[in-house]
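Q:
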Amino acid sequence: MTTLISGGTVVSATGRVKADVLVDGETIAAVVAPGSTALGSDLASTADTVLDATGKYVIPGGVDCHTHMELPFGGTNASDTFETGTTAAAWGGTTTIIDFAVQRTGERVQDGLAAWHQKADGNCAIDYGFHQIIGGVDEESLKAMTYLVDHEGITSFKLFMAYPGVLYSDDGQILRAMQTANESGAVIMMHAENGIAIDVLVAQAVARGDTDPRFHSLTRPAELEGEATHRAIQLAKVAGNVPLYIVHMSASEALEEVGAARHAGGNVFAETCPQYLYLTLEDQLAQPGFEGAKWVCSTPLRTKHEHHQADLWKGLRMNELAVVSTDHCPFCFKDQKEMGIGNFAKIPNGIGGVEHRMELLYQGVVTGELSLERWVETCSTTPARMFGLYPAKGIIAPGADADVLVWDPNGHTSIGFGKKHHMNMDHSAWEGFEIDGKVDTVLSRGTVVVEDDTFTGPAGHGRYLKRGLSQYLV
Ligand code: URP
Ligand code: ZN
Ligand code: ZN
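For the record, in the sequence shown the residue sitting at position 39 is 126 according to our numbering, with numbers rising by one throughout.
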């Protein structure tokens, strides 16, 4: 089966060109000048299918390297299954996710990983890989880390400086895990918030009766994100300059630390998420009553009276922030977020967004925050390179997987319930957002999975991706 995507503008991290894209089976066979006969014939007349992309952008499908399908967290489970979550991702032009397999304290790493394979296997609409959360650093889990790199295609490990008593690692454990990762070439992903200090502030707030959702942010001050980020960077240096990737960054203080470390030449990287670029403590988290629970996530939404959002956009332009992921961790309002009525500390942490990342970041192109090329780079190409998936993913080039998003810059997307919303949630954190562009067609390994506002993907089409080492290191 061949498909010609004709007449569009192919956008990469480095530029844009009018070109036709020939897909043969699951991969891209050629990128040629429009109407070219260089391959011996007029491709439009010989291809099995022709997709007309005139006036549209043809970009590599999105790579969302931070999702939590079915995550057990805060006494409940994230509400998207691998099936619903990856289908929603496809609706939004994301064709690869990297989810986090979890080892909880007291559990064997391999058992946690096996459980994740069981949840995902045969259920995904698009391709997927795993990072591994190490929730208990000890001799056995350290050995398992090396095994996973060598045999399972898992080359990145998330540690937590937050959530004491749940997934938290102390500095000694972090150092040991970093040393181990450094030996195998793996990346350490860090949830950088000082969880010990945060827990003191949370207990004090609850004792005072300050229990509304907005206190979630007020008890997780930006200084404690900056402090933890600094500490993680120093520990990574001591561990032999292990590649360090700071996840879900929300604070200027943390960005400054990453900027300084990168300026000094370190393999230090960071991601942010759409919620930190668009949503704030005042406008969302502090909504009257319990409404703000919809936006409880960690790191938290920050105040609009400081300059976090402007700094994060600038960080994206300057490559202090290399990636935009979603940290998709959806919970319904009813029965899930409601667990925290009367005590914000019991609200399950997380926001759903896997469907909307490409759309929301494109709006940043429209408003002049990012270039078109940088949109592609931060949402597709760099995450693929960062986590060892390139050049199968993250690029439109011969030999790459035919994961393609055809984007219509003249279309329009209204996000929200009853409008565009396919995640398994009873509300949208993005209600009312309007996007000056639209997902037109999505291909996953050559198969059209979204077309004409319809999901057409075959069930269980997505494959597990064994990943290589990071291809983004300096
Ligand atoms: O609020 C969040 N981020 N929930 C998911 C868990 C994590 O820390 O990434
Ligand atoms: Zn985290
Ligand atoms: Zn997360």
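By construction, the Cβ of each residue, glycine as well, lies at the ideal position given by its N, Cα and C atoms.
Because the structure is a prediction, the values reported are computed rather than measured.
Do you know offhand how far T168's Cα is from V104's?
A: 38 Å
Q: Are three or more beta carbon pairs between the stretch 390-402 and the stretch 322-334 nearer than 8 Å?
A: no
Q: Report yes if the C-beta distance between T468 and A100 is below 8 Å; otherwise report no.
A: In this structure, T468 lies near A100, with their beta-carbon atoms less than 8 Å apart.
Q: Quick check on the burial criterion: 16 or more other C-beta atoms within 10 angstroms. Buried or exposed for F217?
A: Looking at its Cβ environment, which holds 16 or more other Cβ atoms inside 10 Å, F217 is buried.
Q: Assign N497 to buried or exposed, taking buried as 16 or more other Cβ atoms, counted over all protein chains shown, within 10 Å of its Cβ.
A: exposed
Q: Any heavy atom of ligand 3 closer than 7 Å to the Cβ of D414?
A: yes
Q: Please find out if some non-hydrogen atom of ligand 3 comes closer than 7 Å to the beta-carbon of V334.
A: yes
Q: Note down, one range per segment and in chain order, each beta strand (DSSP E) of at least 3 residues found wholly within the stretch 290-343.
A: Here the runs fully enclosed are 331-333.
Q: Is it true that the CB of V137 sits closer than 8 Å to the CB of L126?
A: no
Q: Mind reading off the beta-carbon distance from R191 to V224? Whole number of angstroms is fine, and I expect it under 8 Å.
A: The Cβ separation is near 13 Å, so there is no contact.
Q: Does the beta carbon of H303 fall short of 7 Å from some heavy atom of ligand 2?
A: Answer for H303: no, Cβ out of range of ligand 2.
Q: Assuming P361 and G440 are in contact, meaning their beta carbons sit under 8 Å apart, how far apart are those beta carbons, in whole angstroms?
A: 6 Å
Q: Go through its chain and collect everything with a Cβ distance to Q558's Cβ below 7 Å, but skip five positions before and after it.
A: R472, G475 and Y477
Q: Under a Cβ-count criterion, where at least 16 other Cβ atoms within 10 Å of its own Cβ denotes burial, should G429 be classed as buried or exposed?
A: exposed
Q: Determine contact between the stretch 367-379 and the stretch 442-457, defined as no fewer than three beta-carbon pairs at a distance below 8 Å.
A: no
Q: Can you say whether E310 is buried or exposed, counting buried as having 16 or more other CB atoms within 10 angstroms of its CB?
A: exposed
Q: For I184, which residues does DSSP report across the bridge?
A: I184 is bridged by DSSP to D151 and Y215.
Q: Quick check on DSSP: helix, strand or coil for A351?
A: coil
Q: Quick check on this structure: which residue in L457, M336, S123 and S93 has the alpha carbon closest to the alpha carbon of S412?
A: M336
Q: Assuming I184 and A176 form a contact by the criterion Cβ under 8 Å, report the distance between their Cβ atoms to the nearest whole angstrom.
A: Indeed, because the Cβ distance is near 6 Å, the residues count as touching under 8 Å.
Q: With three or more C-beta pairs closer than 8 Å as the rule, is the stretch 517-535 touching the stretch 196-203?
A: No contact exists between the stretch 196-203 and the stretch 517-535.
Q: Taking 7 Å as the cut-off, is the CB of V278 close to at least one heavy atom of ligand 2?
A: Reading off the sequence shown, one finds His at residue 278, where the question assumed Val. Because some heavy atom of ligand 2 lies under 7 Å away, the Cβ of H278 counts as near it: yes.
Q: Cβ-heavy atom distance between S385 and ligand 2 below 7 Å?
A: yes
Q: For G179 versus R444, is the C-beta spacing smaller than 8 Å?
A: yes
Q: For the stretch 408-427 against the stretch 339-359, are there 3 or more C-beta pairs whose distance is under 8 Å?
A: yes
Q: Is there a C-beta anywhere in chain B that falls below 8 Å from the one on L492?
A: No chain B is part of this structure, which consists of one protein chain only.
Q: Just list the residues that DSSP pairs I146 with in beta bridges.
A: According to DSSP, which records beta bridges pairwise, I146 is partnered with L492.
Q: So, using beta-carbon positions, are Q39 and I241 closer together than 8 Å?
A: Residue 39 lies beyond the stretch modelled for the chain, which goes from 88 to 561, so this question has no answer here.
Q: Confirm the yes/no value for this check: CB of H153, any heavy atom of ligand 3, distance under 7 Å.
A: yes
Q: On the CB-based measure, 16 or more other CB atoms within 10 Å of its CB, does A294 come out buried or exposed?
A: Its Cβ having fewer than 16 others within 10 Å, A294 is exposed.
Q: Between the stretch 264-279 and the stretch 228-238, can you find at least three pairs of beta-carbon atoms closer than 8 Å?
A: yes
Q: Inspect the beta-carbon positions of E340 and E312 and report whether they are closer than 8 Å.
A: Against a cut-off of 8 Å, the Cβ pair of E312 and E340 comes out as a contact.
Q: Count the other CB atoms, across all protein chains shown, that sit within 10 Å of the CB of N338; report buried if there are 16 or more and exposed otherwise.
A: Position check: residue 338 holds Ala in this sequence, whereas Asn was assumed. So A338 ends up on the buried side.
Q: For A188, collect the residues of the same chain with a Cβ closer than 6 Å to its Cβ; drop the 5 residues on either side in sequence, then sort them by chain order.
A: G199, L200, W203, F217 and Q219
Q: Could you check what DSSP says for S531 in three-state terms: helix, strand or coil?
A: strand
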